[in-house]
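Novice: Could you have a look at this structure, given as C-alpha cells, before my questions?
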Amino acid sequence: MYGTNHDPAIWSDPDVFDPTRFIDWKESPFSFIPQGGGDFLGGHRCAGEWLTIKVMNTCLDYLANRMEYEVPSQDLSYSLNKMPSVPHSEMILKNVRMKNE
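Under this note's numbering, think of the first position of the sequence shown as -4, with each following residue one higher.
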C-alpha cells in the first residue's frame, strides 16, 4: 500500500501529508487499497483471500501455540521501496522444536 499511495505518477508531492487533496474525491475510499476493500461481494477482492487467511491462521497457531523457539537479536528494519517488504535479516529463529503436549 505504501508504494501505491506514494506513486508520483498518481499523486503530486506524494510524500507530503495533504488531506485537502481528497476534498473533491468522488470515488470509494477503498479504491486506495490494492485489491479493493469493504464488502466482499461488491468490492474488487483477491480471489485467494479466504485461502490465505486460513493458511495464515494455521501458521500463526503453530508459531504461537504449538512450537517453541528463540528469537535472537537481529535487524528487523525493512525497506519501503521493495515488495514484498521483509526485514533485512529476514526472520531468524533458533532452537525450533514442537511443544510437548
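Beta carbons: idealized from backbone N, C-alpha and C, even for Gly.
(1) Nearest-angstrom Cα distance between C41 and N52?
(2) Can you check DSSP and say which residues form a bridge with E22?
(3) What span of residues does the beta strand (DSSP E) with E65 cover, start to end?
(4) Using three-state DSSP, classify K89 as helix, strand or coil.
(5) Going by beta carbon distance, what residues of the same chain come within less than 8 Å of V81, once the five residues before and after it are set aside?
(6) Taking only three categories from DSSP, how would you classify F17?
Specialist: Taking the geometry as given:
(1) 17 Å
(2) Partner(s): none; E22 has no beta bridge.
(3) M62 to E65
(4) In the three-state DSSP reduction, K89 falls in the strand class (E or B).
(5) Y73
(6) helix
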